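Notes for the one structure printed next.
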Amino acid sequence: MAQLRQDYQEFIKRQTQVLVIGPEDASAFTDYWRKHDLPFIGLSDPKASVLKLYGQEVNLFKLGRMPAQVIVDKTGVARFVHYGHSMSDIPENAELFALLDQINV
32 MAQLRQDYQE FIKRQTQVLV IGPEDASAFT DYWRKHDLPF IGLSDPKASV
82 LKLYGQEVNL FKLGRMPAQV IVDKTGVARF VHYGHSMSDI PENAELFALL
132 DQINV
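Here this note's numbering = 1-based position in the sequence shown + 31.
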């Protein structure tokens, strides 16, 4: 999330809403958001309802949910999906910006 926070204004310039979905319950999620003063939207998903919709992998041997990034266009179509194979397997923001620039043309 630090990577998203670092370049948050670049996402805003591209008319992009950042939404982070996590497995914690609402109380823990809210506490984390307040503690770290995160500027984007956070959604608590302790029952993995959203996880199941997007096919996000859960690997108990690798600390639970693997990271996933999904870019959904303004019509609701998923235009890019990346499922990480480890907790550090996350696309660089520059890659996401290039994709957003193509989608928003």
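A virtual CB, placed ideally from N, CA and C, is assigned to each residue, including glycine.
If you're wondering where the values come from, they're calculated on a predicted model, not measured in any experiment.
In this structure, what does DSSP give as the bridge partners for residue i?
i	result
His-113	Gln-100
Gly-53	Ser-75
Report yes if the C-beta distance between residue i and residue j is below 9 Å; otherwise report no.
i	j	result
Arg-36	Leu-131	no
Ala-57	Ser-80	no
Val-101	Phe-71	no
What is the DSSP secondary structure of residue i, reduced to helix, strand or coil?
i	result
Leu-84	helix
Gln-121	Residue identity differs from the one stated: residue 121 is Ile in this sequence, not Gln. Note: Ile-121 maps to coil in three-state DSSP.
Leu-69	coil
Thr-106	coil
Ends of the beta strand (DSSP E) at residue i?
i	result
Ser-75	72–75
Grab the span of the alpha helix (DSSP H) containing residue i for me, first residue to last.
i	result
Ile-134	124–134
Arg-36	33–37
If you draw a straight line from the C-alpha of residue i to the C-alpha of residue j, how long is it?
i	j	result
His-67	Asp-104	28 Å
Pro-77	Met-118	19 Å
Val-112	Ala-99	7 Å
Asp-62	Ala-33	17 Å
Thr-106	Thr-47	13 Å
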